[in-house]
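The structure under discussion appears below in the form of structure tokens.
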Amino acid sequence: MDKKPDWNVFLNMIPEPREYYDEFRVENRRPFRVLTMGFENIHYSRPRKFGQGSRQCRACSNGHGMIRKYGLNMCRQCFREYAKDIGFKKLD
Numbered sequence: 106m107d108k109k110p111d112w113n114v115f116l117n118m119i120p121e122p123r124e125y126y127d128e129f130r131v132e133n134r135r136p137f138r139v140l141t142m143g144f145e146n147i148h149y150s151r152p153r154k155f156g157q158g159s160r161q162c163r164a165c166s167n168g169h170g171m172i173r174k175y176g177l178n179m180c181r182q183c184f185r186e187y188a189k190d191i192g193f194k195k196l197d
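FYI, in the working numbering the residues of the sequence shown are 106 to 197.
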């Protein structure tokens with residue numbers, strides 16, 4: 106049961122005159138800007154003034170394990186590294 110192709114479909118595909126395609130050329134188009142709400146536009150867009158998200162380590166910019174006492178504002182890993190330079194002494 107082979108079905109023969111419908112030749113009327115191909116007869117309707119007569120190319121348009123050249124003037125028809127000229128309006129689609131790039132030179133005749135005005136540039137436009139596509140406005141999309143992408144992930145980059147909304148990720149972390151709110152200003153952070155308070156809370157854990159507003160603070161980061163002054164040495165490595167890490168936000169976890171912050172030591173804020175005495176205004177250190179360092180993560181615990183950087184504090185262990187720089188404690189002697191800052192002037193802290195470990196008591197036994």
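Backbone N, C-alpha and C fix where the C-beta goes; we use that ideal spot for every residue, glycine too.
- Counting of Cβ neighbours within 10 angstroms places Cys162 among the buried residues, the total reaching 16 or more.
- Within 10 angstroms of the beta-carbon of Cys183 lie 16 or more other beta-carbons, which makes it buried.
- Note on geometry: alpha-carbon atoms of Ser150 and Ser166 lie some 18 Å from one another.
- When the five nearest sequence neighbours on each side are left out, the beta carbons in the same chain lying within less than 8 Å of the beta carbon of Met179 are those of Cys162, Arg163, Ala164, Met171, Ile172, Tyr187, in order along the chain.
- If you look at Phe155, you'll find it isn't in any alpha helix (DSSP H); DSSP assigns it neither H nor E.
- The C-alpha of Asp190 is placed about 29 Å away from the C-alpha of Gly156.
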